[in-house]
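Protein chains: 2
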Amino acid sequence: MARSPVDSRRPLTLRDVSEASGVSEMTVSRVLRNRGDVSDSTREKVLEAARMLGYVPNKIAGALASQRVNLVGVVIPSLSNLVFPEVLGGISAELDDTGLQPVVGVTAYLPEKEETVLYEMLSWRPSGMIVAGLEHSETARAMLRNSGVPVVEIMDTDGEGVDSVVGISHRRAGRQMAAAIVAAGYRRIGFLGTKMPLDHRARKRLEGFQEGLAEAGLQLADTEFYSGGSALKKGREMTQAILTRTPDLDFLYYSNDMIGAGGLLWCLENGYDVPGQLGLAGFNGVDLLEGLPRRLATMDSCRREIGAKAAQIIAGRPHSGVIGGEVIELTPVIQPGDTIRRV
Amino acid sequence: MARSPVDSRRPLTLRDVSEASGVSEMTVSRVLRNRGDVSDSTREKVLEAARMLGYVPNKIAGALASQRVNLVGVVIPSLSNLVFPEVLGGISAELDDTGLQPVVGVTAYLPEKEETVLYEMLSWRPSGMIVAGLEHSETARAMLRNSGVPVVEIMDTDGEGVDSVVGISHRRAGRQMAAAIVAAGYRRIGFLGTKMPLDHRARKRLEGFQEGLAEAGLQLADTEFYSGGSALKKGREMTQAILTRTPDLDFLYYSNDMIGAGGLLWCLENGYDVPGQLGLAGFNGVDLLEGLPRRLATMDSCRREIGAKAAQIIAGRPHSGVIGGEVIELTPVIQPGDTIRRV
DNA sequence: TTGAAAGCGCTAACAG
DNA sequence: CTGTTAGCGCTTTCAA
């Protein structure tokens, strides 16, 4: 806190602590890192001096010398979609006691942006990289592969990872939901989702959903896409649009809970019998759903757990021994709620 | 990508590029940073070699040598409250073209955790620190003050900052809302909010609200607090609880939009005449509100803008010349929506 | 248990 | 326009 000798604006170094305590730099370093054996008396002296001066070690120098960096790169497409902050929360919580720190990069779903962010992060030689999705440019994949740091690709297991993978199969999730809907007797099914062609997980869910329908000899009766804006409001608008265009739909599958919730509110206000006349389902299992007038059917996307497991993998690989990829596929469970007919 | 000579697992260095291109390390460095004048022919040679080898510079070494770190520490209390990811989004977007990268630390509203996170971040000698709130332990404040890096405290302007401050006055926001409510003729007013005593901004809003009521000779008729869980659901439960206990309330002021939205849904379902019989208001201006059956009165908390302005301050101070604190107070505006009687 | 020497990989500063 | 020389502030390694 207090600057002992002169309050010059030069940042304090180990040497300052060394001089103030009369102990060699090396020993000061050992004390500050709890490394090796140091006598209690010298330890005291050093800690006292460091505290008096308000010394904060320089990790840049430490990292260079030790070739060890306590940073973990986290690359996600967006922060405005609640899902990613939640994953990040899982990562952050799990990393909490490991001395590792997350560094966040946002790609806005753009492959070129992803390359830039990865390059930037890898140049810090982090202890690990956690990257959303399996779809990357060849350049990006090569950077990750050659980086020598453990890489965990998260959220999705439908495809090949560079190293470790933690996620769910969105394709299977889509199929499962289709099966549940068909089993409940619905036949005229519509899909509502984002227009974003680079959201591969949403795309895979839709594809899986269509496969599931096909198995039952069905196909989508109508679709509606949107981009941008308040998801809840968009859900309302899209629902109205699709039901106006195709009034005989008996089920609406939404690519996320937010638009699904908007749709649910709209249907209830407009006198639809849910789930008798019209069934609804979303995706993600956001806890907002608990407060709606009726519980929207959904599927938990396990996002905090995905973050936590990814962080564990990074934290558990001390020196990036090239142990090679774990693949952890979590299994999301359908939460039928109140918007699918019980059979 | 391809490892030219031998595919040893040693990370590539500038020297490797230098040797591969036949150009001195220094010139390679210049090319890779677009610094100084380099002839087109050597530039080509260098870039070619770097690309062939798949070289990624080591910023640790670069930062140590240049005393410049392109990291910005961002310290926030939580990631599960949508507000903070939004601020972070504003920061991240603004930093995007500056070459600066945000590093996120989460404090869980705990002062001790904040100290740890700050210490950890400052040890990276970042280009700036963006910290939520004005309330910090003396130790934390001292670390920030002595760090020599520009500090921006965000979200709140009610108090003294260490350096720069960007935010809104929550106290004033509370007073304003009180004034609007009183002006609309409501008299029996209840408050619903989080129990969290360390959420200083929520506390200041409440205090300001009470001051505003007091000016009109009123005081809170009842209060209800919660912690944890789905905010939407909690909003329902709390609303039911407070209205059961104090049925003659004619206004409910919620400390955030999420619980307010839950309350709104509950009131509508239970046949309350909103805003005739009962008025409602929240805080934050989340865009979820656009999709509700009725538009909840609220107040924009300017969070993306706060993030953006904070990032600008950091990005605009090249070498942390101790120019001293800017204070930017944004003025949130009441959005009366449909849940306050028009006068 | 402590200290001295030698870098970590890069860039500032200067010289050509 | 290009190269050389010294470090940046730590930690590793070895010696005392």
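If you're matching them up, the sequences are chains P and H in order. Sequence positions in the first sequence follow UniProt numbering and run 1 to 343. Sequence positions in the second sequence follow UniProt numbering and run 1 to 343. Glycine residues also receive a C-beta, built at the ideal position from the N, C-alpha and C atoms.
Practice item. Would you decide whether P:Gly-263 is buried or exposed? Buried here means 16 or more other CB atoms lie within 10 Å of its CB. Key: Residue numbering aside, residue 263 of chain P sits at position 263 when the first sequence is read from its first letter. Buried: at least 16 other Cβ atoms inside 10 Å.
Review point. Just to confirm, are P:His-170 and P:Lys-195 a CB contact at a threshold of 8 Å?
Key: For the purposes of this step, residue 170 of chain P is identified with residue 170 of the first sequence, where counting begins at 1. For the purposes of this step, residue 195 of chain P is identified with residue 195 of the first sequence, where counting begins at 1. Not closer than 8 Å, so no.
Check your understanding: With a cut-off of 8 Å, does the C-beta of P:Gln-101 fall near any C-beta of chain H?
Key -> Walking along the first sequence from the start, residue 101 of chain P turns up at place 101. Taking Cβ atoms only, chain H reaches closer than 8 Å to P:Gln-101, which makes this a yes.
Check your understanding: How big is the Cα-Cα spacing for H:Val-72 and H:Gly-105?
Key -> Here the question's residue 72 of chain H lines up with position 72 in the second sequence. Here the question's residue 105 of chain H lines up with position 105 in the second sequence. About 11 Å.
Point to revise | Cα-Cα separation between P:Lys-45 and P:Ala-20, rounded to whole angstroms | key: Translated into the one-based positions of the first sequence, residue 45 of chain P becomes position 45. Translated into the one-based positions of the first sequence, residue 20 of chain P becomes position 20. When rounded, the distance between both Cα atoms is 9 Å.
Practice item. Excluding the 5 residues preceding and the 5 following H:Gly-159 in the sequence, name in chain order all residues of the same chain whose CB lies nearer than 8 Å to its CB. Key: Taking the second sequence and counting its residues from 1, one reaches residue 159 of chain H at position 159. Same-chain partners within the cutoff: Leu-134 and Glu-135.
Exercise for review: May I ask you to list the residues that DSSP assigns as paired with H:Met-129?
Suggested key: For the purposes of this step, residue 129 of chain H is taken as the residue at position 129 of the second sequence. H:Gly-73 and H:Val-151.
Practice item. Put P:Gly-321 into one of helix, strand or coil per three-state DSSP. Key: On the first sequence, residue 321 of chain P is found 321 positions in, with the first residue counted as 1. Reliability of the predicted coordinates at P:Gly-321 is poor, the pLDDT of 47 falling under 50, and the value obtained from them is presented with this limitation in mind. Coil at P:Gly-321, not helix or strand.
Practice item. Return the chain-ordered list of same chain residues with a C-beta closer than 8 Å to the C-beta of H:Trp-124, the five sequence neighbours on each side being excluded. Key: What you label residue 124 of chain H is simply residue 124 of the second sequence in a count that begins at 1. The answer, listed in chain order, is Val-69, Leu-71, Gly-73 and Val-103.
Review point. CB P:Ala-315 to CB P:Leu-88, shorter than 8 Å?
Key: If you number the first sequence from 1, residue 315 of chain P lands on position 315. If you number the first sequence from 1, residue 88 of chain P lands on position 88. No. Outside cutoff.
Review point. Does the stretch 244-252 of chain P touch the stretch 214-225 of chain P, meaning 3 or more C-beta pairs lie closer than 8 Å?
Key: yes
Review point. Which word fits H:Asn-256, buried or exposed, when buried means at least 16 other C-beta atoms lie within 10 angstroms of its C-beta?
Key: Here residue 256 of chain H refers to the residue found at position 256 of the second sequence. By the neighbour-count rule (16 or more Cβ atoms within 10 Å), H:Asn-256 is buried.
Exercise for review: Please name the residues in the stretch 50-72 of chain P whose beta-carbon is closer than 7 Å to at least one beta-carbon of chain H, in chain order.
Suggested key: Gly-54, Val-56, Pro-57, Asn-58, Lys-59, Ile-60, Ala-61, Ala-63, Leu-64 and Val-69
**Study point:** Exposure label - P:Glu-138; buried when at least 16 CB within 10 Å
**Key:** The residue you call residue 138 of chain P lines up with position 138 of the first sequence. With fewer than 16 Cβ atoms within 10 Å of its Cβ, P:Glu-138 is classed as exposed.
Practice item. Using a Cβ-Cβ cut-off of 8 Å, state whether H:Lys-233 counts as contacting chain P. Key: Counted from its first residue, the second sequence places residue 233 of chain H at position 233. Closer than 8 Å: yes.
Practice item. Measure the C-alpha to C-alpha separation of H:Val-117 and H:Val-75 and round it to an integer number of angstroms. Key: The residue you call residue 117 of chain H lines up with position 117 of the second sequence. The residue you call residue 75 of chain H lines up with position 75 of the second sequence. One C-alpha to the other measures close to 8 Å.
Check your understanding: With DSSP run on the structure shown, which of helix, strand or coil describes H:Pro-102?
Key -> For the purposes of this step, residue 102 of chain H is identified with residue 102 of the second sequence, where counting begins at 1. Reduced to three states, the DSSP call for H:Pro-102 is strand.
Review point. At which residue ranges does the stretch 185-221 of chain H contain complete beta strand (DSSP E) runs of 3 or more residues, listed in the order of the chain?
Key: 189-194
Review point. Closest to P:Leu-289 by CA distance: which of H:Ser-230, H:Asn-270 and H:Trp-266 is it?
Key: In the first sequence, counting from the first residue as 1, residue 289 of chain P sits at position 289. The candidate whose alpha carbon is nearest that of P:Leu-289 is H:Ser-230.
Review point. Hey, which unbroken runs of the alpha helix (DSSP H) at 4 residues or more fall wholly within the stretch 262-338 of chain P?
Key: 303-315
Review point. Which bits of chain H does P:Tyr-119 rub up against, with CB to CB less than 7 Å?
Key: Counting from one through the first sequence, the residue named residue 119 of chain P turns up at place 119. Residues of chain H passing the Cβ test: Val-56.
Check your understanding: Interface residues of chain H around P:Glu-269 at Cβ under 8 Å?
Key -> Sequence index remark: in the first sequence, residue 269 of chain P carries index 269 (1-based). Going along chain H in sequence order, the residues near P:Glu-269 (Cβ under 8 Å) are Pro-293.
Exercise for review: Measure the C-alpha to C-alpha separation of P:Tyr-272 and H:Asp-287 and round it to an integer number of angstroms.
Suggested key: Here residue 272 of chain P is taken as the residue at index 272 of the first sequence, counted from 1. Here residue 287 of chain H is taken as the residue at index 287 of the second sequence, counted from 1. Approximately 25 Å, taken between the alpha carbons.
Point to revise | Simplified DSSP assignment, three categories, for P:Thr-13 | key: Start at 1 with the first residue of the first sequence, and residue 13 of chain P comes out as number 13. Note: P:Thr-13 maps to coil in three-state DSSP.
Review point. What is the residue span of the beta strand (DSSP E) that H:Gly-167 lies within?
Key: For the purposes of this step, residue 167 of chain H is identified with residue 167 of the second sequence, where counting begins at 1. Looking at the DSSP string, the run of the beta strand (DSSP E) that includes H:Gly-167 is 164-168.
Check your understanding: Tell me which same chain residues have a C-beta within less than 7 Å of the C-beta of H:Glu-25, skipping the five on either side of it?
Key -> Counting from one through the second sequence, the residue named residue 25 of chain H turns up at place 25. Same-chain partners within the cutoff: Leu-14, Arg-15 and Ser-18.
Practice item. Please go through the same chain and pick out, in chain order, the residues whose beta-carbon is closer than 8 Å to the beta-carbon of residue 375 of chain H, but skip the five residues on each side of it. Key: Nothing can be reported for residue 375 of chain H: it is not among the residues displayed for chain H, which extend from 1 to 343.
Point to revise | Contact under 8 Å by Cβ, residue 358 of chain H with P:Pro-85 | key: Any question about residue 358 of chain H goes unanswered here, given that chain H covers just 1 to 343.
Review point. For H:Asp-16 and chain P, any beta-carbon pair shorter than 8 Å?
Key: Position 16 of the second sequence, counted from the first residue, corresponds to residue 16 of chain H. Not one chain P Cβ lies under 8 Å of H:Asp-16.
Exercise for review: Give the range of the alpha helix (DSSP H) segment to which P:Tyr-253 is assigned.
Suggested key: Here residue 253 of chain P refers to the residue found at position 253 when the first sequence is read from its first residue. Unbroken run through P:Tyr-253 is the beta strand (DSSP E), 251-254; no alpha helix (DSSP H).
Check your understanding: By how many angstroms is the C-alpha of H:Gln-176 removed from the C-alpha of H:Val-274?
Key -> Your numbering for residue 274 of chain H matches position 274 in the second sequence. Your numbering for residue 176 of chain H matches position 176 in the second sequence. Taking the straight line from one Cα to the other gives about 21 Å.
Review point. Can you give the Cα-Cα distance for H:Arg-304 and P:Gly-36, rounded to whole angstroms?
Key: For the purposes of this step, residue 304 of chain H is taken as residue 304 along the second sequence, with counting starting at 1. For the purposes of this step, residue 36 of chain P is taken as residue 36 along the first sequence, with counting starting at 1. So the two alpha carbons sit approximately 47 Å from each other.
Exercise for review: Per DSSP, which residues does H:Asp-156 bridge with? Please list them.
Suggested key: Indexing the second sequence from 1 puts residue 156 of chain H at position 156. BP columns for H:Asp-156 point to H:Ile-168.
Review point. What's the call for P:Gly-282, buried or exposed, on a 16-neighbour Cβ count within 10 Å?
Key: Counting from one through the first sequence, the residue named residue 282 of chain P turns up at place 282. P:Gly-282 should be labelled buried.
Exercise for review: Give the DSSP-derived three-state secondary structure of H:Thr-223 in the structure shown.
Suggested key: The count along the second sequence starts at 1 and reaches residue 223 of chain H at position 223. Strand.
**Study point:** As assigned by DSSP and simplified to three states, the class of P:Ile-91
**Key:** Stepping through the first sequence from its first residue, residue 91 of chain P is reached at position 91. P:Ile-91 falls in the helix class under three-state DSSP.
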